Ligand SMILES: [Zn+2]
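Numbering (the numbering used here), first residue to last: 371 to 474.
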């Protein structure tokens, strides 16, 4: 028996992480959210939400305008990414077994 197995009334259920990769806990159901990159439907607690501030003008022009005392508005972009897209874009990293190990 490995360390990451759960004993539940006679039968063994293996799991990779203590939270099973989700944050819902004992809650039964959650709404599904669509990934903004690949379009996959993912449970809401499993989604990676990324917020970025994006300037509407290029960096060089923005620097010049700021020196002259101009106020530049920035757009805030929020993205919902599934786990595989988050790993692809380097937001999440694959961890070793010891790092995600269940410690009693
Ligand atoms: Zn995706």
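From the three backbone atoms N, C-alpha and C, an ideal C-beta is built for every residue, glycine too. Remember, it's a predicted structure, so these values are computed and weren't measured experimentally.
Three-way DSSP call (helix, strand, coil) for residue i in this model
i: residue 387; result: coil
i: residue 428; result: coil
i: residue 436; result: helix
i: residue 414; result: helix
i: residue 470; result: coil
i: residue 463; result: coil
i: residue 407; result: coil
Boundaries of the alpha helix (DSSP H) in which residue i is found, first to last residue
i: residue 453; result: 453-458
Neighbourhood of residue i by C-beta, 6 Å cutoff - its chain only, sequence neighbours within 5 removed
i: residue 429; result: none
i: residue 449; result: 406 and 420
Residue i: first and last residue of the uninterrupted beta strand (DSSP E) it sits in
i: residue 401; result: Element bounds for residue 401: n/a, residue is neither H nor E.
Same chain, Cβ closer than 7 Å to residue i, five either side skipped, listed in chain order
i: residue 442; result: 425, 427, 432, 435 and 436
i: residue 446; result: 421 and 423
i: residue 393; result: 415
i: residue 464; result: 457
Spatial neighbours of residue i in its chain, beta-carbon cut-off 8 Å, leaving aside the 5 residues before and after
i: residue 470; result: 386 and 387
i: residue 453; result: 391, 412, 416, 418 and 462
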